[in-house]
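Just so we're aligned, residue 673 is where the sequence shown starts under the working numbering, counting upward by one.
Even glycine gets a Cβ: it sits at the ideal position worked out from N, Cα and C.
In this text, all values refer to a predicted model and were calculated from it rather than measured experimentally.
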Amino acid sequence: MNAASLVSHSDPKICQQCRGRCCQGQPGLWVDPDRFFSMFPMPSFLSLQNCQKSLGQFGIGFRDIDGVLIPCPQTHEFGCIFLGPEGCAFSETNRPCQCLALMPSIDTLLSDDIHCHLPQQASTHNAMTMWRRFWKATEEYVI
């Protein structure tokens with residue numbers, strides 16, 4: 673996945689009526705490390721500790737998925753901290769990859785369940801694979 677291939681599947685009518693059910697649970701992940709660090713530059717000496725310290729002030733945290741730390745917006749009792757009354761506080765281009773890639777479904781409005789779909793390139797498994805590779809390359813990753 674790269675920034676050029678990332679397409680927003682947002683449907684403003686469905687998303688407005690839904691009121692961000694997807695954001696009220698676990699926030700989306702940034703799947704692509706290159707895209708993430710193009711938006712949130714880090715010091716030249718990159719370590720997980722530097723990332724956590726620097727990104728925390730911007731409301732960015734990490735979710736541990738099977739031992740791999742992947743950046744995502746921090747949460748509070750209502751879900752993603754960037755979800756406000758007018759929707760997402762992030763500009764559309766800076767939203768996590770999974771948020772942009774999520775394909776809205778009208779069925780979500782007709783039930784209590786989220787029926788939206790993530791394409792394979794934005795899957796949690798793909799995010800885990802890409803970030804595991806990234807952390808191993810920085811020699812900060814511990815299995």
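Strand pairing of M802, partner residues [DSSP]: Answer is none; M802 lacks a bridge partner.
Spatial distance of C695 from F734 (CA atoms): 16 Å
Minimum length 4: unbroken alpha helix (DSSP H) runs contained in the region 691-746: 705-711, 720-728
Contacting residues, own chain, Cβ-Cβ under 8 Å from M775 (five flanking each side not counted): H681, C788, H789, L790, P791
Rounded separation between I786 and R693 - CA only: 7 Å
Three-state secondary structure assigned by DSSP to C771: helix
CB-CB length for C769 against D706, believed under 8 Å: Contact flag wrong, Cβ pair sits at about 11 Å.
Closest residue to I732 among G700, Q689, F750, E749 (Cα-Cα distance): G700
Per DSSP, the bridge partner or partners of L755: C760
Environment of M802 [buried if 16+ CB atoms lie within 10 Å]: buried
Cα-Cα separation, Q689 to G756: 14 Å
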